[in-house]
Amino acid sequence: MSEAVADISSVLTEFNGRPAVALQAPDGAQAVLLLQGAQLVSWRGRDGRERLYLSERAVYADGQAVRGGVPVVFPQFERRGPLQRHGFARVLPWTLAHAEVSRDGALAVLRLESSDTTLAQWPHAFAAELTVNVSDERLDVEFEVENTGDAPLSFTAALHTYVRVQEVEETSLEGLRGQTYLDSLTGREAMQGLGSVTVDAEVDRIYWGHPEHDRMLLLREPGRTLVIEQQNFPDTVVWNPWAEKAAALADLPPTDFRRFLCVEAAAIGEPVQLAAGEAWWGRQTLRTSV
Ligand code: TA6
1 MSEAVADISS VLTEFNGRPA VALQAPDGAQ AVLLLQGAQL VSWRGRDGRE RLYLSERAVY
61 ADGQAVRGGV PVVFPQFERR GPLQRHGFAR VLPWTLAHAE VSRDGALAVL RLESSDTTLA
121 QWPHAFAAEL TVNVSDERLD VEFEVENTGD APLSFTAALH TYVRVQEVEE TSLEGLRGQT
181 YLDSLTGREA MQGLGSVTVD AEVDRIYWGH PEHDRMLLLR EPGRTLVIEQ QNFPDTVVWN
241 PWAEKAAALA DLPPTDFRRF LCVEAAAIGE PVQLAAGEAW WGRQTLRTSV
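Note that the working numbering gives residue 141 to position 141 of the sequence shown, counting from 1, and the numbers run on in steps of one.
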């Protein structure tokens with residue numbers, strides 16, 4: 001199949017009453033993104049099985065964060081700065097800049113530029129792009145930020161991916177053995193033990209990495225494994241609220257903490273520094289493995 005640029009209007013759709021982009025690869029793989037926050041809310045492989053968790057109680061309204069999928073955290077992770085938790089990018093409307101279908105899959109580029117709204121909160125000129133490519137059993141999410149101003153800027157960021165699982169207690173995450181992490185629940189720095197990460201209680205950790213070392217993780221469940229790779233994102237956040245915190249989240253059914261594990265590609269420990277005119281990118285790739 002020759003490369004083709006899709007008619008942008010043909011991929012625009014609605015999802016729960018909100019403007020969205022629907023991607024369909026020639027092999028049947030699919031993805032849906034909300035324009036608000038450039039938030040992926042669905043990824044299905046060729047077999048039609050949903051790979052991302054999205055809460056049935058998610059709220060779809062201007063300025064409201066949607067529980068599930070892949071929220072884009074920018075320019076501030078968590079409350080590590082003066083901005084609202086996890087920054088403003090996930091609650092602002094992005095625009096669809098480009099869409100394309102080729103034998104390599106279906107791709108969309110969504111864009112967010114600094115505006116009066118962002119400048120009032122964060123005094124930096126920037127252009128951010130989220131590029132999503134879906135094909136076969138693979139999802140690539142690339143986040144790029146350019147400093148379009150004339151002064152340096154720095155930020156923290158994450159792709160806050162909610163991976164759908166059948167039962168979180170029966171999953172294990174491999175690839176973080178022996179890595180230093182911050183336990184965000186206690187504030188303590190700790191060293192991971194010898195085994196893989198398993199979840200049978202609340203977990204909220206930032207595994208520190210090295211900017212030059214890409215990371216590959218395996219999320220194992222009975223009968224299936226998801227390969228999670230990250231490039232240029234040094235850190236990895238692992239989060240599950242467990243029962244008590246989940247019960248306090250109005251937009252999450254109380255037992256749904258069992259249905260997901262957040263595995264987030266992140267740049268937190270060393271904020272990304274960009275001189276005027278410089279750009280940075282980071283990528284998370286999810287692949288179903290047999
Ligand atoms: O990335 C982990 C985390 O920062 C947790 O501490 C947790 O509260 C979560 O994100 C969800 O944040 P949100 O603002 O979407 O409820």
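Where is the CB? At the ideal position from N, CA and C, for every residue including glycine.
Within 8 Å, strictly: CB atoms of G63 and P75: With contacts defined by Cβ atoms closer than 8 Å, G63 and P75 do not form a contacting pair.
Residue range of the unbroken beta strand (DSSP E) whose run includes S42: Q39 to R44
Simplified DSSP state of Q284, which is helix, strand or coil: strand
Collapsed DSSP secondary structure at D140 in the structure displayed: D140 falls in the strand class under three-state DSSP.
Helix, strand or coil at L52 [DSSP, three-state]: strand
V5 to G195 span [Cα, whole Å]: 46 Å
Segment contact, 8 Å Cβ cut-off, at least three pairs: the segment 232-243 with the segment 187-206: yes
Distance, V11 Cα to S2 Cα: Low per-residue confidence applies at S2: pLDDT is 47, beneath 50, and the placement is therefore not dependable enough to give any value.
Anticipated Cβ contact below 8 Å, H160 with E264, distance rounded: The pair is a contact, with the Cβ atoms about 5 Å apart (cut-off 8 Å).
As assigned by DSSP and simplified to three states, the class of V101: strand
Inter-stretch contact at 8 Å, needing at least 3 Cβ pairs: the segment 245-262 / the segment 102-113: no
Pick from S55, T118 and P234 that is closest to T180, judged by C-alpha positions: P234
G292 to L153 span [Cα, whole Å]: This structure gives no information on residue 292, because the portion of the chain shown stretches from 1 to 290.
At least 3 beta-carbon pairs within less than 8 Å: the segment 163-181 vs the segment 202-217: yes
Coil, strand or helix - Q24 by DSSP: In this structure, Q24 counts as strand in the three-state DSSP scheme.
Any residue whose CB is nearer than 5 Å to a heavy atom belonging to ligand 1, listed in chain order: E78, R85, D204, V237 and W239
Classification of N16 by the beta-carbon crowding that lies within 10 angstroms, buried from 16 upward: exposed
DSSP-derived helix/strand/coil call for A243: It is helical.
Own chain, CB closer than 7 Å to R164, minus 5 neighbours either side, in chain order: Answer for R164: E50, R51, L52, Y53, R259 and F260, listed in chain order.
Of the listed residues E167, S135 and F155, nearest to A275 (C-alpha basis): F155
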